[in-house]
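Colleague:
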Amino acid sequence: MSFADEKKSDVYRNEAVEASDDVLEIIEYSEAEQKKIIHRIDRRLVIITGVIYCISIIDRSNIGSAAVAGMPKDLGMNTQNNAYAGYFPGASYLLSTWYNRYELGRRFAAFYVIGSIANAFTGIMAYGLMQMNGVGGLAGWRWIFIIEGLLTCVIAVLGYVFIPPFPDDPNAHKTWGFLNRSEVNYVIRKVEADRGDTQLEPFTLGRFFQGGKDWKCYAFGMMICMCTIPAYALAFFLPLILNKGMGYSVAKAQLMTAPPYLIQAVYQFAFGYVSDNYRARGPFIIFNCVLEIIGLAVMGWAPSNGARYFGVIMTCCGMAANLPLVFTYQSNNVRGQWKRAFSSTIMVSMAAVGGIIGSLVFRPQDAPSYRPGLYTCFTGAVLTLLLTSFFIIYFKRANKKADRGEKILEESESFRYTI
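Shown next as structure tokens:
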């Protein structure tokens, strides 16, 4: 291999100390071998965690279907008898530890895309299972929990066996059929070269809450809050908007919720892929905010139902693509494992706040125009656009100061913010 070929392949030199002795092993991976390693991580992390996320959405969404089928009455339940399990923050944080900053966009997008499949078909699945009402002397809602509960248990066992721990875990290479020690060490060196925070410091509350001193953590939290308002609003009320707002029958409205989610899945992944290639997040977030604003306007004020439905698709694409982009934007620009953990906690908490707001904005008394709900979603998109614009300006100025040696970013001389 010539020197030019070696440079083109961007070979990483991997140093690993084998457990059997203290001899330093140096292994070189070609570009093709590097891609194989990353693809193996994709299959283990992105696909499996995405499938589990999909199942969690189905389980969570079908609580409403079970309630319609009589679960609260049979069990004497109310809203205080259940709780939300925080799968998403752990899964998203685990993903961020195995990839460098410009590999994350398409991975987060793929993770969300798999969840979008659940949004498209959860109602259809629940309807089918409810038809088993009376089979074996059990109510239809019980069959929802039996079938989906069994599926959840099977997926959970697969996750326990196949999902690796953090890359710096001494047992990461022992995950069944995953990477060997030197390949895991290659990943550590690659991520370390990108952001320099692979070495996990011992946990203390003080170190964890140290991230709370950085205003960016709260600004990113506000961004994701504004993004989740329309996301949750459409997830909860799209059938109602199609039925009461546009005049479609109940059955047709339910069926018409699937195409926007399927289209948004393709769009979502495409933007994650492109943003990785361009190594930028902010401009794509702004583009999607504009698309969402136009979509909301068409959805609310277009004269024909066909145009309004097209507005629904535009809105779904814009808001859906921004969800993984904002999470990736945060992960790219917050350095240090405990600081990113704190920031991720703020992000997920604020996303929940946005979900609460989104679940309340399309009120029955506002039909058929639903103006208050549309105005709220408008506000969320505009604020996201403004916050992103501020970040772009701030990050560009900070990077220029760092280039001139006037400022150290995120406690690392080599770190630069992602625009």
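Using this note's numbering, the letters of the sequence shown map in sequence onto residues 6 to 424. For glycine and all other residues, C-beta sits at the position ideal for the given N, C-alpha and C.
#1: Leaving aside the five residues before and after ILE119 along the sequence, list all residues of the same chain whose C-beta is less than 8 angstroms from its C-beta, in chain order.
#2: For ILE152, which of TYR165, ASN138, GLY164 and THR333 has the nearest alpha-carbon?
#3: Compare the C-alpha of PHE425 against each of LYS344, GLU38 and SER35 and name the closest.
#4: Is the beta carbon of ILE318 closer than 9 angstroms to that of PRO264?
#5: Identify, in the order they occur along the chain, each residue of the same chain with its Cβ nearer than 7 angstroms to the Cβ of SER348, setting aside the five sequence neighbours on each side.
#6: Apply the 10 Å Cβ neighbour rule to GLU33 and answer buried if 16 or more other Cβ atoms are within range, or exposed otherwise.
#7: Taking DSSP as the reference, what is the three-state secondary structure of TYR34?
#8: With H, G and I counted as helix, E and B as strand and the rest as coil, what does DSSP make of LEU414?
#9: Assess, as a yes-or-no matter, whether the stretch 261–280 is touched by the stretch 368–381 under the definition of 3 or more beta carbon pairs within less than 8 angstroms.
#10: Note the first and the last residue of the continuous alpha helix (DSSP H) segment covering ALA263.
#11: I need the boundaries of the alpha helix (DSSP H) containing THR209, first residue and last residue.
#12: Hey, could you find the ends of the alpha helix (DSSP H) GLN342 is sitting in?
#13: For LEU328, which of TYR117, ASN248, VAL166 and GLU38 has the nearest alpha-carbon?
#14: Check whether the stretch 185–198 touches the stretch 405–413, taking contact to mean three or more Cβ pairs, one atom from each stretch, closer than 8 angstroms.
#15: Taking the alpha-carbon positions, what's the LEU29 to ILE397 distance?
#16: For the alpha helix (DSSP H) that LEU379 lies in, which residues bound it at each end?
#17: Tell me whether ARG368 sits in a helix, a strand or coil according to DSSP, three-state version.
#18: Start and end of the alpha helix (DSSP H) containing ASP219?
#19: Taking only the alpha-carbon atoms, compute the straight-line gap between PRO94 and MET304 and give it to the nearest angstrom.
#20: What's the call for TYR425, buried or exposed, on a 16-neighbour Cβ count within 10 Å?
#21: In whole angstroms, what separates the C-alpha of TRP306 from that of ALA256?
#22: Excluding the 5 residues flanking GLU100 on each side, which residues of the same chain have their C-beta closer than 8 angstroms to its C-beta?
#23: Round the Cβ separation of THR389 and CYS294 to the nearest angstrom and send it over; I've been treating them as touching at under 8 angstroms.
#24: Ends of the alpha helix (DSSP H) at GLY300?
#25: Compare the beta carbon distance of THR157 and SER61 with 9 angstroms and say whether it is the shorter of the two.
#26: From SER121 to GLU411, what distance separates their C-alpha atoms?
#27: Checking 9 angstroms against the spacing of the C-beta atoms, do GLN269 and ALA325 come in under that value?
#28: How would you label SER254, buried or exposed, when you count the other beta carbons within 10 angstroms and need 16 or more for buried?
#29: Report all residues from its chain with a CB closer than 8 angstroms to the CB of ALA346; omit the five preceding and five following residues, and keep chain order.
#30: Out of ILE168, GLY316, ASN310 and HIS178, which one is the CA nearest neighbour of ILE298?
#31: Determine the direct distance from the alpha carbon of ASN176 to that of PHE167, and round the result to whole angstroms.
#32: Might you give, ordered along the chain, the residues of its own chain that have their beta carbon closer than 7 angstroms to the beta carbon of ALA4, omitting 5 neighbours on each side?
#33: Buried or exposed, going by whether 16 or more other CB atoms sit within 10 Å of the CB of SER487?
#34: Look at the alpha carbon of TYR283 and the alpha carbon of PHE171, and state the distance between them as a whole number of angstroms.
#35: Can you list, in chain order, the residues of its chain with a C-beta nearer than 8 angstroms to that of GLY359? Leave out the 5 residues immediately preceding and following it.
#36: So, is ILE351 buried or exposed, given that buried needs 16 or more other C-beta atoms within 10 angstroms?
Modeller: Let's see:
#1: Locating residue 119 in the sequence shown gives position 114, counting from the first residue. Cβ neighbours of ILE119 beyond the five flanking positions: ILE52, GLY55, VAL56, TYR58 and CYS59.
#2: Counting from one through the sequence shown, the residue named residue 152 turns up at place 147. The residue with the shortest Cα to Cα distance from ILE152 is ASN138.
#3: This structure does not reach residue 425, given that the chain is present from 6 up to 424, and the question cannot be answered.
#4: As a position in the sequence shown, residue 264 is number 259, starting the count at 1. As a position in the sequence shown, residue 318 is number 313, starting the count at 1. The answer is yes: Cβ separation under 9 angstroms.
#5: Stepping through the sequence shown from its first residue, residue 348 is reached at position 343. Closer than 7 angstroms at Cβ, skipping near neighbours: GLY216, CYS222, PHE225, GLN335 and VAL339.
#6: As a working mapping, residue 33 is identified with position 28 in the sequence shown. Exposed, since its Cβ has fewer than 16 Cβ neighbours within 10 Å.
#7: Locating residue 34 in the sequence shown gives position 29, counting from the first residue. The DSSP-derived three-state label of TYR34 is strand.
#8: Start at 1 with the first residue of the sequence shown, and residue 414 comes out as number 409. Looking at LEU414 - three-state DSSP - the assignment turns out to be strand.
#9: no
#10: The residue given as residue 263 occupies position 258 in the sequence shown. DSSP places ALA263 in the uninterrupted alpha helix (DSSP H) bounded by 263–283.
#11: Along the sequence shown, read from residue 1 onward, the residue named residue 209 stands at position 204. No alpha helix (DSSP H) holds THR209; DSSP gives it neither H nor E.
#12: Stepping through the sequence shown from its first residue, residue 342 is reached at position 337. Taken as a continuous stretch (DSSP letters only), the alpha helix (DSSP H) holding GLN342 covers 342–363.
#13: For the purposes of this step, residue 328 is taken as the residue at position 323 of the sequence shown. LEU328 has its Cα closest to that of TYR117, out of TYR117, ASN248, VAL166 and GLU38.
#14: no
#15: For the purposes of this step, residue 29 is taken as residue 24 along the sequence shown, with counting starting at 1. For the purposes of this step, residue 397 is taken as residue 392 along the sequence shown, with counting starting at 1. Note on LEU29: pLDDT 34, under 50, position unreliable in the model; the coordinate value appears next. Between LEU29 and ILE397, the C-alpha separation is close to 43 angstroms.
#16: Here residue 379 refers to the residue found at position 374 when the sequence shown is read from its first residue. It spans 376–408 - the alpha helix (DSSP H) in which LEU379 sits, taken as one unbroken run.
#17: In the sequence shown, residue 368 corresponds to position 363, counting from 1. Residue state, collapsed to three classes: coil.
#18: Position 214 of the sequence shown, counted from the first residue, corresponds to residue 219. No alpha helix (DSSP H) holds ASP219; DSSP gives it neither H nor E.
#19: Looking up residue 94 in the sequence shown gives position 89. Looking up residue 304 in the sequence shown gives position 299. Going by the C-alpha atoms only, they are around 32 angstroms apart.
#20: Here the chain has residues from 6 to 424 only, and residue 425 is not among them.
#21: The residue labelled residue 306 in the question sits at position 301 within the sequence shown. The residue labelled residue 256 in the question sits at position 251 within the sequence shown. Roughly 24 angstroms separates the two Cα atoms.
#22: The residue given as residue 100 occupies position 95 in the sequence shown. According to the sequence as given, residue 100 is Leu; it is not Glu. Hits under 8 angstroms: LEU50, VAL51, THR54, LEU109, ARG112, PHE113 and PHE116.
#23: Counting from one through the sequence shown, the residue named residue 389 turns up at place 384. Counting from one through the sequence shown, the residue named residue 294 turns up at place 289. Right, the Cβ-Cβ distance comes to about 5 angstroms (below 8 angstroms), so this counts as a contact.
#24: Counting from one through the sequence shown, the residue named residue 300 turns up at place 295. Following the DSSP letters along the chain, one finds GLY300 inside the alpha helix (DSSP H) bounded by residues 287–306.
#25: Translated into the one-based positions of the sequence shown, residue 157 becomes position 152. Translated into the one-based positions of the sequence shown, residue 61 becomes position 56. Yes, Cβ-Cβ distance for THR157 and SER61 is below 9 angstroms.
#26: The residue labelled residue 121 in the question sits at position 116 within the sequence shown. The residue labelled residue 411 in the question sits at position 406 within the sequence shown. When rounded, the separation of the alpha-carbon atoms in SER121 and GLU411 is 44 angstroms.
#27: Taking the first residue of the sequence shown as 1, we reach residue 269 at position 264. Taking the first residue of the sequence shown as 1, we reach residue 325 at position 320. Yes, they are a contact pair.
#28: In the sequence shown, residue 254 corresponds to position 249, counting from 1. The residue is exposed, with fewer than 16 neighbouring Cβ atoms inside 10 Å.
#29: Residue mapping note: residue 346 aligns to position 341 of the sequence shown, counting from 1. Excluding sequence neighbours, ALA346 sits near TYR98, PHE213 and GLY216.
#30: Here residue 298 corresponds to residue number 293 of the sequence shown, with the count starting at 1. The residue with the shortest Cα to Cα distance from ILE298 is GLY316.
#31: Residue numbering aside, residue 167 sits at position 162 when the sequence shown is read from its first letter. Residue numbering aside, residue 176 sits at position 171 when the sequence shown is read from its first letter. Each residue's alpha carbon lies about 13 angstroms from the other.
#32: As shown, the chain starts at 6 and ends at 424. That puts residue 4 outside it, with no answer to give.
#33: Since the first and last residues shown for the chain are 6 and 424, residue 487 lies out of range.
#34: As a position in the sequence shown, residue 283 is number 278, starting the count at 1. As a position in the sequence shown, residue 171 is number 166, starting the count at 1. Cα to Cα, the separation comes out at about 27 angstroms.
#35: Counting from one through the sequence shown, the residue named residue 359 turns up at place 354. Cβ neighbours of GLY359 beyond the five flanking positions: ILE229, CYS230, MET231, CYS232, THR233, ILE234, ALA236, TYR237 and GLY385.
#36: As a working note, residue 351 is residue 346 in the sequence shown. When all chains shown are included, ILE351 counts as buried.
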